[in-house]
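See structure below.
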Amino acid sequence: LLSRAAQTHRLRGAPLNLSLTLGYLALAEQKLGHLEAAKAEMAESVALLQARPGAHSGTGPETRPETRAQVLAQVMNMRGQLQFAWGQPEDALESWKQSQKAYRTLDDSVGELGSQINQVQALRTLGFYRRAQSQLSEFQSTMAALPDSVTKAEGLRSLGNVLRTVGDLEGAQVALEQSLGMLEQLPEEQGKRAIASTLLSLGNTLQSQGNQQLEQFELSPSVCAVSNLPPTALPLYERAVDAYRKSEATALTPSTQLQSQLNRLSLEQMMGQPLQTSSVNAIATQLDNLGMGRSAIYQQIAFSRLLSCGSQSSSGNEFEPEPGETSDLAIQVLQHAQQQAQRLGDARAQSEVLGQLGRLYESQGQNGVAERQTKAAVKLADRAQALDIAYQWHWQLGRLYREQGKTEAAIAAYSQSVDALQTLRSDLVGVNVGLQFSFRRDIEPIYRELVSLLLKSDRNRRQPELLQSRLTQARDVIEALQLAELDNFFQDACSTAEPVLVDRITDQDDPTAAVFYPILLPDRLEVIVKLPGQSELQHFDTTIPADRVETVIQEFRRQLEEPYTARTVRTVAAEVYGWLVAPMEATLAQQGVKTLVFIMDGVLRNIPISALYTGDHYLIEDYAVAMSPGLQLLDPQPLQAVESKLLLGALTEARQGFIALPGVEQEVEEVSQVLPGDVTLVDEQFVESAIESALGNEPVSIVHLATHGQFSSQAEDTFILLYDEKLQLKELESVLKARNQSLSQSIELLVLSACETAAGDERATLGLAGVAVRAGARSTLASLWQVDDEQTSRLIRTFYRSLYQDGKAVRTKAEALRQAQLSLLQGEARYRHPRYWSAFVMLGNWL
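The sequence shown maps to residues 136 to 982 in the working numbering.
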């Protein structure tokens, strides 16, 4: 019908009607898999529009400017659809911008909205999540003013998809449920064509919420099956399965129906339900009917992953191929997808397919074939400038080289993977929700495996200069991992203003400080040490499995928090001392080191180093101790160099389910005596607006908050308790950075007493590091667990009295904390257990 209509318009000399008809014809040819015909017809359609008006014969309404704009808007929209299907999202984005511009000249707000929604889809595909979110925010008010329609519902669906991508799962669910409700209220013939896509997006969002629960339980959301699903995840997954089923049942396009089915089967497989032979046969048939396009290619990749998981049990109709048959079928599917990607000329899709082929061959132990496929995937990813997949294939190549004993080639491949991740910090590690929930499985191992290769290479022992280079690189890689962890924690890229390397501080500002970098690897614990004034790094290791380290550290932390474990806690503390400090004992004494700074890794962050035991005394008796969240600090200054102005906030009463802190009243009184005349906010005065006002109008250098608080591995569960609310991390950051331009200096010291790390959360100290970084404070003094407020008050007042005399700082903050801890350790016998004095740690600048 379209071909005949096009011929009629051609004979009549009606170029605009012909252009529009050719556009529709190109879409139909694309659906049939006639790629070359679709490209030719779309090219002719656009050429007709670009021709000089009047160049074609014909009269009537086609000559009106508004008619040309209408056809231009529609054709550019169709060209964008085709370019997007062909794997050309950059070109599609430009076509949809032209479509939007044409709709705007026509004052067609619905058409313009549709073009903007399409642009968001292209931006998401390109990985520009923040730009997509910003663009959605710009036209949300316009969208809200429009009457309910399919286009408006699709706008809400796009909003939900972008919010899911950037990690706002609750906001995504709200937008998608609004979209679904709107479509259900529209006449059936209007709403039906869009409702399945919204249900699919809602299922994806519910599944992401379930994945988030798995991550909190240290489980992987992307494996064939997860045993013992946490009770909080299961209902979310069940609701996701229900949404996928409804999407399958209502879908009017084969692509949406198949995507819903693939997502459902994958999720059910992860929940322990085996793949059925009937499902495999049905999907294979549907794939044959999909035609050409990037979505068809990605659905074949998803099918191959489903197949590679195989069956989970052996009862009845489960898919149970002969040995090797599953992999063979998965490979056949991928090879077919590769042929389609080549025909499209879609380098990104080709890379995805070849990389998955390489992964399949790797799992079979066919490393030579896997290496060839993966190298080809890397080249195509580079051609497509697709760093977000290139890092995966560099990692895969590194693993293959490592298995073949090609250490130097493996190091080079791993280094390229890490470099790609560093380039992608702002848009991949920070905001891609899929990687937020699989960070420990898909990102962290790349860094650790590279460090293991760097420090284990046989060439290091033969070439001392190479060893130094490798030690420096290993330290930098772990630093990059720690920044990526904070990015993942914040869900955006963390930045620091004018950071200074810790090395410079030890060489110039504090020649008595040594810096330790423990690195946890699967089979050993590596420690790199920077001594003051020395360019060469020191290095030692302990052969010990990572799970043994975690077990010991967990036991150490448990005994530290219990007051009746004095003898056993020293035994465990001595073991950890042997791992971290003992090999450097003599060297530290020879160098006159007085302060030890630890840039901790993983579970080691959960313990106070001051409580390590040498065999006859605690480490704090020899050294001041500090921790740093990384190699870089805000430009450090000794407190002696700044005027000390104190903001003191405190909560003594029981509020919001938290017990009263009667000892805080004495703490406030005694701290005020050391640094008098500054802003004090207690109980009902201790609210967000008052803190913000004080910081905005006074040159405050020390902020002391004596209140309940919690540090967690989840930013939303990290908070400080005010009189009337829990102040979460983002709000706390905003409050602490409330400064007039004339008061722009950083907070020199942030003190958080009565706070604690979340119980049962092994990565909770990420929350502490997060508070320290986001507060813009050079130093943070905080407690890892909550100590009786009488002991807290005593330690805090001794800290300030050690730090200040006559209102002026006379010691480093780390040394003042040491003196305060020693006052308890060497005082009354009942307070000598490290539970009472070691809970407080100094994070950041120790000067």
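Backbone N, C-alpha and C fix where the C-beta goes; we use that ideal spot for every residue, glycine too.
Test item: CB-CB of residue i and residue j under 9 Å
{"i": "E661", "j": "F651", "result": "no"}
{"i": "A280", "j": "L241", "result": "no"}
{"i": "V513", "j": "W528", "result": "yes"}
{"i": "E950", "j": "S937", "result": "yes"}
{"i": "V732", "j": "T607", "result": "no"}
{"i": "Q954", "j": "F975", "result": "no"}
{"i": "D658", "j": "I679", "result": "yes"}
{"i": "T509", "j": "L522", "result": "no"}
{"i": "V908", "j": "A917", "result": "no"}
{"i": "D736", "j": "T749", "result": "no"}
{"i": "L217", "j": "L162", "result": "yes"}
{"i": "T915", "j": "L887", "result": "yes"}
{"i": "A544", "j": "A525", "result": "no"}
{"i": "L315", "j": "L341", "result": "no"}
{"i": "W231", "j": "G246", "result": "no"}
{"i": "Q268", "j": "V297", "result": "yes"}
Residue environment, residue i, which counts as buried when at least 16 other CB atoms sit within 10 Å
{"i": "Q142", "result": "exposed"}
{"i": "P653", "result": "buried"}
{"i": "P743", "result": "buried"}
{"i": "D645", "result": "buried"}
{"i": "V945", "result": "exposed"}
{"i": "G565", "result": "Note that G565 scores 38 on pLDDT, short of 50, meaning its location in the model is unreliable and no value can be drawn from it."}
{"i": "G480", "result": "exposed"}
{"i": "A176", "result": "The sequence given here places Glu at residue 176; Ala does not occur at that position. Buried."}
{"i": "D303", "result": "buried"}
{"i": "A484", "result": "buried"}
{"i": "P409", "result": "buried"}
{"i": "Y496", "result": "buried"}
Candidates the options: closest to residue i by CA position
{"i": "Q673", "options": "P599, F691, A555, V906", "result": "P599"}
{"i": "Y238", "options": "L261, Q209, Q254", "result": "Q209"}
{"i": "R610", "options": "L311, G765, G246, A307", "result": "G765"}
{"i": "I734", "options": "A173, P366, A904", "result": "A904"}
{"i": "T686", "options": "N152, S336, N741", "result": "N741"}
{"i": "R534", "options": "I578, A484, A519, L585", "result": "L585"}
{"i": "W972", "options": "I931, D941, T947", "result": "I931"}
DSSP state of residue i mapped onto helix, strand, coil
{"i": "R537", "result": "helix"}
{"i": "M211", "result": "helix"}
{"i": "G798", "result": "helix"}
{"i": "I742", "result": "coil"}
{"i": "A944", "result": "strand"}
{"i": "D676", "result": "strand"}
{"i": "A310", "result": "helix"}
{"i": "R936", "result": "helix"}
{"i": "S670", "result": "coil"}
{"i": "V564", "result": "Any answer about V564 is weak, because its pLDDT of 39 lies below 50 and its placement is not dependable; what the coordinates show is given next. Note: V564 maps to helix in three-state DSSP."}
{"i": "H968", "result": "coil"}
{"i": "I882", "result": "strand"}
{"i": "G727", "result": "coil"}
{"i": "T607", "result": "helix"}
{"i": "G914", "result": "According to the sequence shown, residue 914 is Ser rather than Gly. Looking at S914 - three-state DSSP - the assignment turns out to be strand."}
{"i": "V297", "result": "helix"}
{"i": "G653", "result": "Looking at the sequence shown, residue 653 is not Gly but Pro. The answer is strand: DSSP assigns P653 an E or B state."}
{"i": "K780", "result": "coil"}
{"i": "R705", "result": "helix"}
{"i": "M177", "result": "helix"}
{"i": "S973", "result": "coil"}
Straight-line gap, residue i to residue j (C-alpha atoms, nearest Å)
{"i": "E671", "j": "L228", "result": "51 Å"}
{"i": "T286", "j": "F854", "result": "40 Å"}
{"i": "I794", "j": "N363", "result": "35 Å"}
{"i": "G249", "j": "G290", "result": "7 Å"}
{"i": "R583", "j": "D896", "result": "22 Å"}
{"i": "L982", "j": "S439", "result": "57 Å"}
{"i": "V922", "j": "A649", "result": "29 Å"}
{"i": "V806", "j": "V835", "result": "15 Å"}
{"i": "S958", "j": "Y966", "result": "10 Å"}
{"i": "E827", "j": "K166", "result": "59 Å"}
{"i": "G158", "j": "R145", "result": "14 Å"}
{"i": "Q603", "j": "V799", "result": "49 Å"}
Check: residue i C-beta below 8 Å from any heavy atom of the ligand NAP
{"i": "R740", "result": "What this structure holds is no ligand at all, so the ligand NAP is not there to describe."}
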